[in-house]
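2 protein chains.
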Amino acid sequence: MESIKNRRTIRKYKQEDIPSSLLNDLLKESFRASTMGNMQLYSVVVTRDKAMKEKLAPAHFNQPMVLTAPVVLTFCADFNRFSKWCKMRKAEPGYDNPISFLNAATDALLVTQNFCTLAEENGLGICYLGTTIYNPDQIVDILQLPELVMPVATITVGYPDECPSQVDRLPVEGILHEEMYHDYTPEDIDRIYAYKESLAENHRFVQENYKETLAQVFTDVRYKKSDNEYMSGVLKATLKKQGFEK
Amino acid sequence: MESIKNRRTIRKYKQEDIPSSLLNDLLKESFRASTMGNMQLYSVVVTRDKAMKEKLAPAHFNQPMVLTAPVVLTFCADFNRFSKWCKMRKAEPGYDNPISFLNAATDALLVTQNFCTLAEENGLGICYLGTTIYNPDQIVDILQLPELVMPVATITVGYPDECPSQVDRLPVEGILHEEMYHDYTPEDIDRIYAYKESLAENHRFVQENYKETLAQVFTDVRYKKSDNEYMSGVLKATLKKQGFEK
Numbered sequence: 000m001e002s003i004k005n006r007r008t009i010r011k012y013k014q015e016d017i018p019s020s021l022l023n024d025l026l027k028e029s030f031r032a033s034t035m036g037n038m039q040l041y042s043v044v045v046t047r048d049k050a051m052k053e054k055l056a057p058a059h060f061n062q063p064m065v066l067t068a069p070v071v072l073t074f075c076a077d078f079n080r081f082s083k084w085c086k087m088r089k090a091e092p093g094y095d096n097p098i099s100f101l102n103a104a105t106d107a108l109l110v111t112q113n114f115c116t117l118a119e120e121n122g123l124g125i126c127y128l129g130t131t132i133y134n135p136d137q138i139v140d141i142l143q144l145p146e147l148v149m150p151v152a153t154i155t156v157g158y159p160d161e162c163p164s165q166v167d168r169l170p171v172e173g174i175l176h177e178e179m180y181h182d183y184t185p186e187d188i189d190r191i192y193a194y195k196e197s198l199a200e201n202h203r204f205v206q207e208n209y210k211e212t213l214a215q216v217f218t219d220v221r222y223k224k225s226d227n228e229y230m231s232g233v234l235k236a237t238l239k240k241q242g243f244e245k
Numbered sequence: 000m001e002s003i004k005n006r007r008t009i010r011k012y013k014q015e016d017i018p019s020s021l022l023n024d025l026l027k028e029s030f031r032a033s034t035m036g037n038m039q040l041y042s043v044v045v046t047r048d049k050a051m052k053e054k055l056a057p058a059h060f061n062q063p064m065v066l067t068a069p070v071v072l073t074f075c076a077d078f079n080r081f082s083k084w085c086k087m088r089k090a091e092p093g094y095d096n097p098i099s100f101l102n103a104a105t106d107a108l109l110v111t112q113n114f115c116t117l118a119e120e121n122g123l124g125i126c127y128l129g130t131t132i133y134n135p136d137q138i139v140d141i142l143q144l145p146e147l148v149m150p151v152a153t154i155t156v157g158y159p160d161e162c163p164s165q166v167d168r169l170p171v172e173g174i175l176h177e178e179m180y181h182d183y184t185p186e187d188i189d190r191i192y193a194y195k196e197s198l199a200e201n202h203r204f205v206q207e208n209y210k211e212t213l214a215q216v217f218t219d220v221r222y223k224k225s226d227n228e229y230m231s232g233v234l235k236a237t238l239k240k241q242g243f244e245k
């Protein structure tokens, strides 16, 4: 599929709205993704309103796409709707626990990727915001997510106004394991990361950050242990607040 | 996209192998999915060997597809490869925590869905096994997954030998929320679940299980509170064993 093979993340969008009918059709199709026991454990919050985008932006570390994209979608793990149905049908739901969160998050993420594929196939561009799970507490407040609903992914969507070059990927054989996981030797690691480390843009990245190696840019600047530990605390507290920690 | 719109889970496969070249091409394309900071925090274990399938089957509650599909794929959240690279490059990885697990699980699940789309577009059929996160401890042992690697999804793949009817989905308006989450009223719930509850197959399902409502089949038979609580314990223990709970 050319749209998957040639995909690139789009961060600049034309000032052109996405018709509601198109957006709804794509979302509807995306809901054909596999879902645990056909429970459809997700909800999608559609943000088009400028004021709402301004509220969401800080939760996404003010990445400009939140304000400039015509549509922002927040995909949520949702056991609220299903549990409400159970209670109304003389059934006692038992989904206020970690495995149920992971089940619902899985459902939501499969739908997220399905939507991205469909959007790109239809000429739209998307940017996946990983920040959603860094500040879930803020997003819960802004979007008024009730118990048993947890945001897991945010996508900005619009008609592309750029065509950036495609970024690198690791060699496939560095990711596949035949029959069993064959742990990596130092030689494997050197080979798998050689191309990435050879790229001019990554050399520049190391220099700009005054580091010695590309890996240090990740561990010391972009994805730091102290940040991860802080955000793990927020994640756990938010899962508890949303009722998934019984 | 017709292959997404018309998709159905396939549980019966022809006795026909999937060429390695095709499988690798599809996996390679699937790795174009969005990934956190381009870290590609996943590994895929490919199972073709009969003896390995027999070992995996009990972890998937002996669902027959594990034995009858030519290929079983286990998608894993993987911070092991990246952390090994960091250590070899004078960088101290800090990814032994819950947020890093969720980041890696997200990467792995986006790739999983991308692979499913590509497989179906190419005439293959898939079945998503939700059992992976119910028995992660067994899968860790069988596939010899090291620390910072956690199985999150299993897909059985093969050429379809059946064409089951397409299953129902909830009405789109029951899943979408404009600007903010609008919590469900009892009337909303009645409306959203009306079609599902009206289906003859679901009436039969209720009768066969000697229940009063469809919801009770879920809470009392298929996805029970006690099972969820037990599996949440296994999940937490396995995440700890795999080093994601610092």
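Line by line, the protein sequences give chains A and Y. Counting from 0, one number per residue, gives the positions in the first sequence under numbering that gives the first Met the number 0. Counting from 0, one number per residue, gives the positions in the second sequence under numbering that gives the first Met the number 0. Ideal placement from N, C-alpha and C gives every residue a C-beta, glycine not left out.
Buried or exposed: which applies to residue 77 of chain Y, given that a residue is buried once 16 or more other Cβ atoms fall within 10 Å of its Cβ?
Answer is buried; the Cβ neighbour count reaches 16.
Does the Cβ of residue 104 of chain A have 16 or more other Cβ atoms within 10 Å, making it buried, or fewer, making it exposed?
With 16 or more Cβ atoms within 10 Å of its Cβ, residue 104 of chain A is classed as buried.
Give me whichever residues DSSP pairs with residue 149 of chain Y in a beta bridge.
Answer by DSSP bridge pairing, in chain order: Y:76.
Is the Cβ-Cβ distance between residue 191 of chain Y and residue 30 of chain A less than 8 Å?
Against a cut-off of 8 Å, the Cβ pair of residue 30 of chain A and residue 191 of chain Y comes out as no contact.
Apart from the five residues just before and just after residue 48 of chain Y, which ones in its own chain have a Cβ nearer than 7 Å to its Cβ?
Cβ within range, chain order: n/a, list empty.
What is the C-beta distance between residue 33 of chain A and residue 8 of chain Y, in whole angstroms, given that I count them as a contact (C-beta under 8 Å)?
That belief holds up - the Cβ atoms of residue 33 of chain A and residue 8 of chain Y are roughly 6 Å apart, short of 8 Å.
Please list, in chain order, the residues of the region 55-74 of chain Y that have any C-beta partner in chain A closer than 8 Å.
Residues passing the 8 Å Cβ filter: none.
The beta strand (DSSP E) with residue 124 of chain Y in it runs from where to where?
Looking at the DSSP string, the run of the beta strand (DSSP E) that includes residue 124 of chain Y is 124-128.
With distance defined between alpha-carbon atoms, name the residue in Y:15, Y:152, Y:16 nearest to residue 134 of chain Y.
The candidate whose alpha carbon is nearest that of residue 134 of chain Y is Y:152.
Quick one: any contact between the region 179-186 of chain A and the region 78-89 of chain Y, if contact means 3 or more CB pairs under 8 Å?
Yes, they touch.
Assign residue 70 of chain Y to buried or exposed, taking buried as 16 or more other Cβ atoms, counted over all protein chains shown, within 10 Å of its Cβ.
So residue 70 of chain Y ends up on the buried side.
Does the distance from the CB of residue 75 of chain A to the CB of residue 110 of chain A come in under 8 Å?
Contact flag unset, no.
Tell me, please, whether the CB atom of residue 202 of chain Y is closer than 8 Å to any CB atom in chain A?
It does not; no Cβ of chain A falls within 8 Å.
Could you have a look at residue 46 of chain Y and say whether DSSP puts it in helix, strand or coil?
Three-state result, residue 46 of chain Y: strand.
At the 8 Å Cβ level, is residue 90 of chain Y part of the contact set with chain A, yes or no?
Output row for residue 90 of chain Y: interface = yes.
Would you be able to state if there are at least three C-beta pairs under 8 Å between the region 92-107 of chain A and the region 213-233 of chain Y?
These segments touch.
If you draw a straight line from the alpha carbon of residue 158 of chain Y to that of residue 129 of chain Y, how long is it in whole angstroms?
Distance between the alpha carbons of residue 158 of chain Y and residue 129 of chain Y is about 21 Å.
Quick one: is residue 188 of chain A near chain Y, going by C-beta distance under 8 Å?
Output row for residue 188 of chain A: interface = yes.
Check whether the Cβ atoms of residue 65 of chain Y and residue 136 of chain Y lie closer than 8 Å to each other.
In this structure, residue 136 of chain Y does not lie closer than 8 Å to residue 65 of chain Y by Cβ.
I believe residue 205 of chain Y touches residue 23 of chain A by the beta-carbon criterion, under 8 Å. Please report the beta-carbon distance rounded to the nearest angstrom.
Contact flag wrong, Cβ pair sits at about 31 Å.
Please confirm if residue 185 of chain A has its CB atom under 8 Å from at least one CB of chain Y.
Yes, contact with chain Y.
Hey, out of A:116, A:102, A:108, whose CA is closest to residue 249 of chain A's CA?
Absent from the model: residue 249 of chain A. The displayed extent of chain A is 0 to 245, so no value can be given.
Kindly list, in the order they appear in chain Y, the residues whose Cβ is closer than 9 Å to that of residue 214 of chain A.
Simply 81, 84, 85, 86, 87, 88, 89, 90, 92.
What is the DSSP secondary structure of residue 186 of chain A, reduced to helix, strand or coil?
Three-state DSSP puts residue 186 of chain A in a helix.
Check whether the Cβ atoms of residue 264 of chain Y and residue 117 of chain Y lie closer than 8 Å to each other.
What the structure shows of chain Y is the stretch from 0 to 245, and residue 264 of chain Y is not part of that stretch, so it cannot be assessed.
Our contact map puts residue 147 of chain Y next to residue 241 of chain Y with C-beta atoms below 8 Å; I'd like the distance itself, whole angstroms only.
So it is a contact: roughly 6 Å between Cβ atoms.
At a CB-CB cut-off below 9 Å, which residues of chain A make contact with residue 30 of chain Y?
Those are 168, 169, 171, 174, listed as they occur along chain A.
In the DSSP assignment, what residue or residues form a beta bridge with residue 175 of chain A?
Residue 175 of chain A pairs with Y:43.
Am I right that residue 180 of chain A and residue 42 of chain Y are in contact with their C-beta atoms under 8 Å? What's the rounded C-beta distance?
The pair is a contact, with the Cβ atoms about 7 Å apart (cut-off 8 Å).
Listing by chain order, which chain A residues have their CB less than 8 Å from the CB of residue 53 of chain Y?
Chain A residues near residue 53 of chain Y: none, gap ~12 Å exceeds 8 Å.
Hey, does residue 222 of chain A have any beta-carbon neighbour from chain Y nearer than 8 Å?
Judged by the 8 Å Cβ criterion, residue 222 of chain A is in contact with chain Y.
Spell out the partners DSSP gives residue 155 of chain Y in its beta bridges.
BP columns for residue 155 of chain Y point to Y:71, Y:126.
So, under 8 Å CB-CB, residue 68 of chain A and residue 12 of chain A are touching, yes? Tell me the CB distance rounded to an integer number of Å.
Residue 68 of chain A to residue 12 of chain A, Cβ: 5 Å. Contact.
For the putative contact between residue 149 of chain Y and residue 238 of chain Y, defined by C-beta atoms under 8 Å, what is the C-beta separation to the nearest angstrom?
Residue 149 of chain Y to residue 238 of chain Y, Cβ: 7 Å. Contact.
Check this for me: beta carbons of residue 165 of chain Y and residue 113 of chain A, under 8 Å apart or not?
Cβ distance not < 8 Å, so residue 165 of chain Y and residue 113 of chain A don't count as in contact.
Measure from the alpha carbon of residue 83 of chain Y to the alpha carbon of each residue in A:218, A:243, A:235, then state which is nearest.
Here the closest residue by C-alpha is A:218.
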